[in-house]
Amino acid sequence: MRVSRLFGKTLREVPTEAETVSHQLLLRAGMIQQLSAGVYSYLPLAWRALRKIEQVIREEMDAAGGQELRMPVLQPFEMWEESGRDLAFGKGLFTLRDRRDRRLALGPTHEEVITDLARRNVRSYRDVPLMLYQMQTKFRDEPRPRGGLVRVREFTMKDLYSFDADEDGLDLSYQKMLQAYKNIYARCGLNAVAVEADSGAIGGKDSHEFMVIAETGEDEIIYCGTCDYAANSEKATSAKIRPEEEPLLPLEEVATPGAKTIEEVANFLDVSRSHTLKAVFYSADGELVFVTIRGDLEVNEIKLKNTLKCTDLRLANDDEVQEAGLVAGAASPVGLSGIKVIADDSITLGQNFVVGANKPDTHLKNANYPRDFNVDIMTDIALTLAGDRCPRCERTLLSTRGIEVGHIFKLGTVFSQRQEACFLDQEGNQKPLIMGCYGIGIGRLLAAAIEQNHDEKGIIWPVPVAPYHIYLCALGTDNPEVASAAEKLYAELEQNGFEVLFDDRAESAGVKFNDADLLGMPVRIVVSQRTLKSSSVELKLRSEKEVESIPIEALNNRLKLQLGPG
RNA sequence: CGGGGCGUAGCGCAGUUAGGUUUAGCGCGCAGCGUUCGGGACGCUGAGGUCGGAGGUUCGAAUCCUCUCGCCCCGACCA
Numbered sequence: 025m026r027v028s029r030l031f032g033k034t035l036r037e038v039p040t041e042a043e044t045v046s047h048q049l050l051l052r053a054g055m056i057q058q059l060s061a062g063v064y065s066y067l068p069l070a071w072r073a074l075r076k077i078e079q080v081i082r083e084e085m086d087a088a089g090g091q092e093l094r095m096p097v098l099q100p101f102e103m104w105e106e107s108g109r110d111l112a113f114g115k116g117l118f119t120l121r122d123r124r125d126r127r128l129a130l131g132p133t134h135e136e137v138i139t140d141l142a143r144r145n146v147r148s149y150r151d152v153p154l155m156l157y158q159m160q161t162k163f164r165d166e167p168r169p170r171g172g173l174v175r176v177r178e179f180t181m182k183d184l185y186s187f188d189a190d191e192d193g194l195d196l197s198y199q200k201m202l203q204a205y206k207n208i209y210a211r212c213g214l215n216a217v218a219v220e221a222d223s224g225a226i227g228g229k230d231s232h233e234f235m236v237i238a239e240t241g242e243d244e245i246i247y248c249g250t251c252d253y254a255a256n257s258e259k260a261t262s263a264k265i266r267p268e269e270e271p272l273l274p275l276e277e278v279a280t281p282g283a284k285t286i287e288e289v290a291n292f293l294d295v296s297r298s299h300t301l302k303a304v305f306y307s308a309d310g311e312l313v314f315v316t317i318r319g320d321l322e323v324n325e326i327k328l329k330n331t332l333k334c335t336d337l338r339l340a341n342d343d344e345v346q347e348a349g350l351v352a353g354a355a356s357p358v359g360l361s362g363i364k365v366i367a368d369d370s371i372t373l374g375q376n377f378v379v380g381a382n383k384p385d386t387h388l389k390n391a392n393y394p395r396d397f398n399v400d401i402m403t404d405i406a407l408t409l410a411g412d413r414c415p416r417c418e419r420t421l422l423s424t425r426g427i428e429v430g431h432i433f434k435l436g437t438v439f440s441q442r443q444e445a446c447f448l449d450q451e452g453n454q455k456p457l458i459m460g461c462y463g464i465g466i467g468r469l470l471a472a473a474i475e476q477n478h479d480e481k482g483i484i485w486p487v488p489v490a491p492y493h494i495y496l497c498a499l500g501t502d503n504p505e506v507a508s509a510a511e512k513l514y515a516e517l518e519q520n521g522f523e524v525l526f527d528d529r530a531e532s533a534g535v536k537f538n539d540a541d542l543l544g545m546p547v548r549i550v551v552s553q554r555t556l557k558s559s560s561v562e563l564k565l566r567s568e569k570e571v572e573s574i575p576i577e578a579l580n581n582r583l584k585l586q587l588g589p590g
């Protein structure tokens, strides 16, 4: 491709709307163009890179036993009602009506459709294990698109779905995908780590996310500096420390005028925060619930939402709290009735807690579970923070930010049961298929690759995803000798199977070099009067500082060494 | 949806506070000619704007008022 003919102009200045590095570079390189919030056109350079990423993914999916197919974007809305996920996705689901006024949804993901395909086509245990995948456009009406290609409303996703006869089969499929994903990231020049994750609207049990460490990432990762524990902060747990055992003391009412927050109460009574129980009120699908947790911890709303199995969760407002007869600032489960109480298991770690007395300006000392109160649900709903203890080795946890470039789930029978996708096992029993699903956002992967592979001058493409291998730079094109030598070299390189971006423009050296750096092809070759004097060209790797002079006849072999056979 | 910011030429901006010499400017980029030519060269000439949109106030609106649309950033959601 000739730069003089390439569609998409490089920009000298950074467009103001871009804040993340990948967004800035994609815009400056003339690779993407925004149409509206979270909706982009991919210009030729970006499109080539995206296709290369797809090809890497396709190869790994096929190698793991996947079969590529293609499902529709346009899906009957009833299918989403059948699975109940019209509510789980809520406004995130793009919907429309056809001419007969039938409601349709633009697919945000394809579990419903694939499950339907499976129930029509899988009959026997002989038909599994089965892995089906596609590269396809997803639509999600995200509340807030951001970061260029990091979070958009229309994007291409590779989604693979596995079907197995039993849990062991699922484990095997899951492991295959885990490995395939690691291969993909490594081939795309990405350092991605697998972390434990919440399964969100997709549903299911085990789940891992692949994170690319980046300051601009949307997710917080909690990880152990000592062992290999790593999890999304939504999912992370910690070893909650149990204080020294003390004898159980009798309940005692104390006046705590003006003290409402945990901080104030703890200070007033001169006890540590971990010696108090906090009360928080939530509205879960309209029902008021009482949440209690040890005073030194915070509630993780994702865990709470999963525990309550509700779709809408928010902090209750003052009116709702008053209406329920709760005393904000002095509430506790002691003596409480008629309201659902959810407790974090931290309340079993410790004794003689200070809790609210359910009357203004009054607290109780020495509350103990279960002696003094009961709860409806006891589980882990605590937010894990950097500085907490690792759940595996009890060393200190650390945190960092990351971009989620892939997510894999063990779905189990969530979908196959709801949609009755069954098979006959060896004994002739009808059983639901055991499913898994595995997704990668292609554009996001591209953005992450740039986040991790750039310098102040521009992109530094890893070879497998580079739009072109070589940036061929002709300096002094008005010199016929240079021009014809460059043309000849361009033709030869392409003949030898290299993908070449040929800068044939009548621009100054500075302009060409800066564009070469910005566009970031792995190899830059310069042809000029100077190099021709010694029948050579100059070769520079984008990732290195040094330039080397190569005799033209040796160039082909040198490039093969660098880029692999063309 | 809550909070913050912004819409003036392809990109980056000034002008808006105090309405009128602004037929709306500047830099980059773009077109033509000439000189340059190994890290974003220079000169001359030129094209390009219904100042996001609609209403209103006024003799007069980019500037004031009302409504509206769009975009970015921070939070609640996800590949």
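In the working numbering, the protein residues as written are 25 to 590. We put the CB at the ideal spot given by N, CA and C, even for glycine.
Separation of residue j from residue i, as counted between CA atoms
| i | j | result |
| --- | --- | --- |
| alanine 473 | glutamine 375 | 50 Å |
| leucine 409 | alanine 238 | 18 Å |
| glutamate 92 | valine 146 | 17 Å |
| alanine 10 | glutamate 276 | Given that the chain is displayed from residue 25 to residue 590, the structure contains no residue 10 and the question cannot be resolved. |
| valine 598 | histidine 387 | The structure shown does not extend to residue 598, since the chain is modelled only from 25 through 590, so no value can be given for it. |
| glycine 344 | glutamate 288 | The sequence given here has glutamate at residue 344, not glycine. Distance between the alpha carbons of glutamate 344 and glutamate 288 is about 24 Å. |
| leucine 579 | valine 236 | 35 Å |
| serine 231 | cysteine 461 | 10 Å |
| glutamate 572 | valine 80 | 31 Å |
| aspartate 400 | threonine 300 | 20 Å |
| glycine 590 | glutamate 518 | Any reading at glycine 590 is ruled out, since the residue's pLDDT is 49, under 50, leaving its predicted position unreliable. |
| proline 100 | glycine 359 | 50 Å |
| aspartate 110 | glutamate 562 | 59 Å |
| valine 219 | alanine 255 | 4 Å |
| leucine 525 | glutamate 577 | 20 Å |
| methionine 201 | arginine 144 | 25 Å |
| cysteine 417 | valine 323 | 23 Å |
| phenylalanine 439 | arginine 94 | 19 Å |
| glutamine 454 | leucine 196 | 22 Å |
| asparagine 581 | asparagine 520 | 10 Å |
| alanine 599 | glycine 362 | For residue 599 there is no data in the structure shown, the boundaries of the chain being 25 and 590. |
| aspartate 502 | lysine 564 | 23 Å |
| alanine 53 | serine 296 | 56 Å |
Distance between beta carbons of residue j and residue i, contact taken as under 8 Å
| i | j | result |
| --- | --- | --- |
| threonine 280 | leucine 293 | 7 Å |
| proline 153 | aspartate 188 | 5 Å |
| alanine 355 | asparagine 398 | Contact flag wrong, Cβ pair sits at about 16 Å. |
| glycine 62 | proline 167 | At roughly 10 Å, the Cβ-Cβ gap does not stay under 8 Å, so glycine 62 and proline 167 are not in contact. |
| glutamate 78 | methionine 159 | 5 Å |
| leucine 130 | leucine 98 | 7 Å |
Short Cβ contact (7 Å threshold) for residue i with residue j
| i | j | result |
| --- | --- | --- |
| valine 365 | phenylalanine 314 | yes |
| glycine 241 | arginine 425 | yes |
| isoleucine 494 | leucine 74 | no |
| glycine 116 | aspartate 165 | yes |
| leucine 128 | tyrosine 157 | no |
| glutamine 553 | glycine 482 | no |
| phenylalanine 163 | glycine 430 | no |
| leucine 337 | alanine 308 | yes |
| alanine 406 | leucine 339 | no |
| methionine 181 | glutamate 136 | no |
| leucine 496 | isoleucine 549 | yes |
| arginine 318 | serine 298 | yes |
**Request:** Count the C-beta pairs between the region 478-492 and the region 206-222 that are closer than 8 Å, then say yes if the count reaches three, no if not.
**Result:** Touching, yes, given that three or more Cβ pairs across the two stretches are closer than 8 Å.
**Item:** Contact the region 362-380 vs the region 239-259: 3+ CB pairs below 8 Å
**Value:** No contact exists between the region 362-380 and the region 239-259.
**Request:** Entirely within the region 536-573 and at least 4 residues each: give me those alpha helix (DSSP H) ranges in chain order.
**Result:** The region 536-573 contains these whole alpha helix (DSSP H) runs: 553-557.
**Asked** Are at least three pairs of beta-carbons, each pair with one atom in the region 26-36 and one in the region 59-73, less than 8 Å apart?
**Response** Judged by Cβ distances under 8 Å, the region 26-36 makes contact with the region 59-73, as three or more pairs qualify.
**Continuous beta strand (DSSP E) assignments of at least 3 residues falling wholly in the region 346-372** = For the region 346-372, whole beta strand (DSSP E) runs of length 3 or above, ordered along the chain, are 364-368.
**Asked** When the Cβ atoms of the region 241-255 are set against those of the region 449-462, are three or more pairs found closer than 8 Å?
**Response** By the C-beta criterion, the region 241-255 is judged not to be in contact with the region 449-462, since fewer than 3 inter-stretch pairs fall below 8 Å.
**Message:** Contact between the region 539-546 and the region 498-517 is defined here as three or more beta-carbon pairs at a separation below 8 Å; is this criterion met?
**Reply:** Proximity of the region 539-546 to the region 498-517 falls short of the contact definition, fewer than three beta-carbon pairs being nearer than 8 Å.
**Asked** Which runs of the alpha helix (DSSP H), 4 residues or longer, sit entirely within the region 120-196?
**Response** Scanning the region 120-196 from its first residue to its last, the whole alpha helix (DSSP H) runs of 4-plus residues come out as 135-145.
**Asked** Quick one: complete beta strand (DSSP E) runs, 3+ long, within the region 461-514?
**Response** Correct list: 494-498.
**Request:** List in chain order: all unbroken alpha helix (DSSP H) runs of 4+ residues lying wholly within the region 52-119.
**Result:** Correct list: 68-87, 101-107, 109-113.
**Item:** Sequence ranges, beta strand (DSSP E) only - wholly within the region 271-317, length at least 3
**Value:** Complete beta strand (DSSP E) runs here, min 3: 276-279, 301-308.
**Prompt:** What runs of the beta strand (DSSP E), each 3 residues or longer, lie entirely inside the region 237-266?
**Reply:** Qualifying beta strand (DSSP E) stretches, in chain order: 243-248, 254-256.
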